[in-house]
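Numbering (the numbering used here), first residue to last: 15 to 330.
For each residue, glycine too, the CB sits at the ideal point set by N, CA and C.
These notes are about the structure you will find just below.
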């Protein structure tokens, strides 16, 4: 007697999709309507309110003095981020070290600088001469080779670099440490089995794979650093915000000058976002996770593209 098995095709009911209708979402239409009304009110306010003084905004937007402030802001961002990245790499490696003293020292550094606001650090470095009138270089507890006045050494630019760079190193240390820990330990074991040293393993095996986890938050930190440079106006460093403040303190055109600063910050951060998206795409090649979102996809509110799933081959 032959035994026949029923397949899922025989047991599953047939679904007729000819008369299927899309699910209605009335709350989406209500939310869209509210957003359109708010956007229309914002446009009406920008056009009809004469207190914005758009003619003043246009006159100062390309002014030479504003350009000098932008250059100072960009220079400070680059230098502070360089200090933060180099210090973050050293601190991250120290926190992963087998030496307990080195690990505790790096952990204490991260705890200290992450726990104090950046503005407080900037003011402290700017007033360092009240604590140390003279700064000297020499043998510890021994003779001095060179010394100088702290007031002449700690300029507003150097105080801003120390305050922003040392603080950024603490945050970059945690970002880099998280990226290093995300790499499969088997990669390091395989490199050691091939006779590679720890330094070469870190440089050739671990860091290239960890960059996929390090680059996105680092790009966000660069943008945050650009905006954090506005804090240096309290120590009289002529960045973009300080330059704008110096102008409206004379002309009393506060709102249009602040709009100029906001527009330039938006322009620079948009350029940084484009660069970040290209770098993310470079390091995300071959990843099975969601593909990185480009700048125009973000602007046009497109959904993030899904990476194609890989199906294992079934042996015949």
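Distance from the CA of residue 242 to the CA of residue 133, rounded to the nearest whole angstrom, comes to 9 Å. With a cutoff of 9 Å on beta-carbon distance, residue 275 and residue 254 are scored as near each other. Residue ranges of uninterrupted alpha helix (DSSP H) with 4 or more members, entirely inside the stretch 158-189 and ordered along the chain, are 164-167. A contact between stretches requires three or more CB pairs, one per stretch, nearer than 8 Å, and the stretch 222-229 meets this requirement with the stretch 182-194. Taking 9 Å as the cut-off, the Cβ atoms of residue 96 and residue 179 count as close. With respect to the 9 Å criterion, residue 183 and residue 99 are classified as neighbours on the basis of their beta carbons. Runs of the alpha helix (DSSP H) spanning 4 or more residues and lying entirely within the stretch 248-272 occur at 254-265, in chain order. Residue 149 sits in a strand when the DSSP states are folded into three classes. For residue 256, the CB contacts under 8 Å within the same chain, skipping 5 residues up- and downstream, are 83, 246, 247, 250 in chain order.
Counting along the chain, residue 234 sits inside the alpha helix (DSSP H) bounded by residues 221-242. Between residue 213 and the set 58, 252, 108, the nearest pair of CA atoms involves 108. Distances from the alpha-carbon of residue 75 to those of 270, 93, 287 put 270 closest.
Apart from the 5 residues on each side of it in sequence, residue 202 sits with its Cβ closer than 6 Å to the Cβ of 215 in its chain, given in chain order. Check the Cα spacing between residue 81 and each of 297, 278, 293: the tightest is with 278. With fewer than 16 other Cβ atoms from the protein chains shown falling within 10 Å of its own Cβ, residue 130 counts as exposed. For residue 215, the uninterrupted alpha helix (DSSP H) segment begins and ends at 212-215. If you draw a straight line from the Cα of residue 297 to the Cα of residue 220, it comes to about 13 Å. As the crow flies, the alpha-carbon of residue 146 is around 11 Å from that of residue 168.
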